[in-house]
Amino acid sequence: MAAIPATARPPAATRRPMSRRSKQLLMAAPMVLLLVTFLVYPSAQLFLLSFQRGDGFSLENYQRLLGTPVYLTVMMLTLKISVVTTIFAVIAGYPVAYLISILPRATKGRILFWILLSFWTSFLVRAFAWIILLGRNGVVNQLLQTLGITDAPVALMYNFPAVVIGMVHALLPLAVLTMLSVMENIDRNLTRAASTLGAKPGMAFWKVYFPLSFPGVTSGALMVFVTAIGFFIFPALLGGRRETMITQIIIEQIIQTMNWGFAAAVAVLLLVVVLLVFVIYDRAVGLSTVTGEARATARRRGKGIFSQVGDAILTGLGHGSDAIIGLFPRRRQAREGAPRPLTAFVVALLAVMTLPVLLMIPLSFADSGLNWPPQGFTLRWYEQIFNSPIWMSALTRSLVVGLCTATLALLIGTPVAFLMVRGRMRGKTALLAFTLMPVVMPNMILSVGLFYLYARIGLVGTNLGLIIGHTVIAVPYVVLTVMSVLRNYDSRLDLAAQSLGATPWVTLRLVTLPIIGAGMISAFLFAFTISFDELTIALFTSGGVSATLPKQLWDEVSLSISPLLAAVSTCLFLFVTVLIVLAGLLNRRQK
Amino acid sequence: MSTLETQGLGKVYGDFVALAPTDLKVEKAEFLTLLGPSGSGKTTLLSLIAGLAEADSGRILMNGRDVTHAAPYQRDIGMMFQNYALFPHMTVAENIAFPLKMRRTPAADARRLVQEALDMVRLPHIADRYPKELSGGQQQRVALARCTIYRPSVILMDEPLGALDKKLRDQMQFEILRIHKEIGGTIVYVTHDQEEAMTMSDRICLMNGGRIAQLGSPADLYFRPQSLFVADFLGEANLLAGRLVSGAGGEGVVRLGDDSEIRVTLPAPLAAGAAVRVMLRPQNLRLEETPGEGPTATLRASSVTGASTKFFLEAPALASDPLIATRATAMSAHAPEPGRDYRLSFDPRDAVAIPAEEAA
């Protein structure tokens, strides 16, 4: 080998002031520093804290946690709620994702808009909408009585189904979007090929399409489960005394009893469960399916008992669906497109997803309290909000924190995205995994860790503390968004600009940024929305006069349900709608 | 002083030698084509010249100036990309004016130059349109205008016609040649299409396995290949195995596998007794029915491919692969019949003896 003698290697570093390696380090450094200081360090601190009692090492917290039946019950219930939520969200989300993936461009955008709207509407607002909807004089009860199904209002709230309904509703968009990212990449010709090879529609779906979409199903399930397990808004607002989830215990321990050690132990337990889920998932399907980096790697395709059983089930499902399809008169395939029943189902589901929030809007203008149907018209609640110094200062704080967070996240995340897409370096996967840690880790753990850290360095109740915390959460989304923008960007344009005489800086300014600009603004808006809706961190590190809008709303909801809150929720909802429309318009203009 | 010169220029990726140390000179106003199969090093060489990749060894000189470690924007080059790489957010005029702007050309001059460039590529009326509103051929012309407008010393073209269909490609070949003449620019052109290379080039640099296999005019490479690779890569070739009996003054005699002796051309001197392959282009091979001297082969099949008809012949003693002879398609009463033996005749000037052992 070695055809080239290592001759005439020029003296290095005459032209380049900085080596590629140090440039890469510099690009990743701010993000790594941020996550190490405000995610890894506080979490580690929390971990140590959980083993402390007084000054020494102790397992007391864990003994108490595992030895008290109540906590075990809560843990089991948390798992149960999360599993049930996951199952429903994935099953209901699959047809929606499937329909979106097969729709033509124009219609696709319209349906996707509604999904995104739900996705970005804050959990708090949606939980509040369900409170109004399921209340004694809410829409559902009124409907049941009008239809004559019940005589008197039924207790629809403060029970297990209410919590699950709220959570499925909250997480359905996440399930849809995750599954969609896989389905969009499935070659539509494959099912057509199957049918030319003699497969009936049902068989073609279950034996060809479904197995290909399965990574989407599993990663959708994973995302939903991991998010669900860290929820506290829905069980707290829609559940009864018995529907307590594990994060509520953490809140209770910190806010009411200030028992850091025990709260830390609960947080560690939560983290262990989440990590366990990830490990199991990685063993079973492989984590690469989640980031969408999955290449068609030839997975070990042993004809094991499981794959045989799976195959048999799919074949059975194929025969079954074909038998059912055969019962109906054969429609001539005049139009290429989605089957009608599917469209009907998806439209209905979208209505259910959007309606609760929309129904809240008229109530915010009503003079009749939160009773359905709304009567009278008043702007009283809105006036109250705008005249209230508490609400207005919360709004200002949320806006300021949101804008700063978005700016900071963009500044920190963009170089990392460039590095991930463009850079040639080892350990890229590791860096990406590190970047995604805040997504994977339940926010509650981060919040408690930050609270403990902030308490010592005096950041509690400050905007800076909020901005840092929110940036930690928002950075991964910025990285992912900018990465997808950069993937679609033809880097030969940069080379062209340089060959035409543009310096790297001029290339960035005149070519790269103008083209990816719209995508960058989307990333900015995402980061802003994340911060604007964020409650968990704000729960501990903001409060009283320094509350953010979601925190203020949460405090009020916990105290009393009033039409004023419907007005606040409406404002929040409209604000997010405007942002999404804005992002959509930007994207369209770019194309 | 050459417009462009590489001295021992090389590039290695890990263990893979993308480009062995290469010496190459390109003269002013020359059209040089880098031709070769994929992985032959032609694109690597182009990237090194453009400054899009960094050389591991050797030097690059442009008009005598060492630019080996200069950034792309510091070299006086123009580059045409395979996918055109027009800036989607700029109009055609802005795209073409981009290099002028980089060179701080006064706006008025720039406007005039852009219009001239658009006239030159025969698209005078599309200045305000965006690239996505243009057809493939139009985008191509705009890209051509953009990389030539500032008269760079060297214009690099990386398979610029790869994405076009056959008809448009022929048109654009002509167009590029016309502009090449008009501006007197120096062009280094990369392609894997040998027909394109032969049509357009002053010289072809045929590459294989990260090295130059042969450098010369299209006719040189086609008629006087110095290696089996070159003979095989450019056009179809019959290669008959044999041994050199004697040779001097560019001519020689070769004894073929069936013991027949033929007169051949020797592009490079070879020792008597050397194993050689005799290259015969199909169109130079005639099938004779009359008896006489020379090798014979059995006709197995024929097919009309359009303007020419192909004959497939079998002669195990001469070559393991079937031999191919072509002639202009015509209605004829005396069409050769499959199954019959034919004597092969050819002009000794068309029979080129090439050393049988391939170097690479």
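So the protein lines, in turn, are chains F and B.
Each residue of the first sequence is one higher than the one before, starting from 1 at the first, in the working numbering.
Each residue of the second sequence is one higher than the one before, starting from 592 at the first, in the working numbering.
Note that the Cβ used here is the ideal one computed from N, Cα and C, for glycine as well.
Within the same chain, M27, V482 and L486 come within 8 Å of F418 of chain F by CB-CB distance, once the 5 residues on both sides are set aside. The Cβ atoms of L691 of chain B and R650 of chain B do not sit closer than 8 Å to each other. Shown here, R126 of chain F sits in a helix according to DSSP, grouped into three states. Cα atoms of A828 of chain B and A822 of chain B: separation of roughly 6 Å, rounded to the nearest angstrom. Contact annotation for P679 of chain B against chain F: I515 [CB-CB distance below 7 Å, chain order]. Look at K616 of chain B here: in three-state DSSP terms it is strand. Residue state for F210 of chain F is assigned as helix, using DSSP reduced to three classes. One thing to note: D849 of chain B has its Cβ no nearer than 8 Å to the Cβ of L914 of chain B. Assignment of E596 of chain B by DSSP, reduced to helix, strand and coil, places it in the strand class. In its chain, beyond the 5 residues on either side, T594, T777, I778, D793 and R794 have a beta carbon closer than 8 Å to the beta carbon of E621 of chain B.
Counting only runs of 4+ residues, no alpha helix (DSSP H) is found wholly inside the stretch 867 to 917 of chain B. Looking at the DSSP output, C796 of chain B sits in a beta bridge with B:L625 and B:L806.
Residues K602, V603, G632, T635 and G801 of the same chain have their beta carbon placed closer than 7 Å to that of A609 of chain B, with the five preceding and five following residues left out of the count. One finds nothing in chain B with a Cβ atom closer than 8 Å to the Cβ of T435 of chain F; even the nearest lies about 28 Å away. Apart from sequence neighbours up to five positions away, the residues of its chain that approach R760 of chain B with a beta-carbon distance below 6 Å are L752, ordered along the chain. Interface residue (Cβ-Cβ distance to chain F less than 8 Å): Y721 of chain B is not classified as such. If you compare the alpha carbons of B:I717, B:R854 and B:E750 with that of H783 of chain B, the shortest gap goes to B:E750.
Chain-ordered listing is empty here: chain F has no CB closer than 9 Å to the CB of N654 of chain B, the nearest sitting near 16 Å. Under a 10 Å Cβ-count criterion, S82 of chain F is classified as buried, with 16 or more other Cβ atoms of the shown protein chains found around its own Cβ.
Here DSSP, grouped into helix, strand and coil, assigns R854 of chain B to strand.
In this structure, the beta-carbon distance from A684 of chain B to V705 of chain B falls below 8 Å. Boundaries of the alpha helix (DSSP H) around A28 of chain F: R20 to L35. Secondary structure note for T777 of chain B: its beta strand (DSSP E) is the uninterrupted segment T777 to T782. Contact of T178 of chain F with chain B is not assigned, every C-beta pair being separated by 8 Å or more. Contact residues of the stretch 498 to 515 of chain F toward chain B are Q498, S499, L500, G501, A502, T503, P504, V506, T507, L510, V511, P514 and I515 (C-beta to C-beta distance below 9 Å). In this structure, the straight-line span from the alpha carbon of K80 of chain F to that of F377 of chain F is close to 43 Å. Per DSSP, Y94 of chain F is not a residue of any beta strand (DSSP E); the alpha helix (DSSP H) it occupies stretches across P69 to I102.
With its beta carbon at least 8 Å from every one in chain B, A518 of chain F lies outside the interface. Around R492 of chain F, the beta-carbon contacts reaching into chain B at under 7 Å are F672, N674 and A676. Excluding sequence positions up to five before and after Q145 of chain F, its CB lies within less than 8 Å of the CB of D151, A152 and P153, all in the same chain and listed in chain order. Nearest CB-CB separation between L585 of chain F and chain B: not below the 8 Å threshold. For L643 of chain B, at least one C-beta of chain F is nearer than 8 Å to its own C-beta. Per DSSP, reduced to three states, the secondary structure at P374 of chain F is coil, with no helix or strand assignment. No Cβ-Cβ contact shorter than 8 Å links T462 of chain F with T405 of chain F. In summary, A688 of chain B is buried, with 16 or more beta-carbon neighbours lying within 10 Å of its beta-carbon over all protein chains present. Straight-line spacing of the CA atoms in V226 of chain F and L535 of chain F works out to 17 Å.
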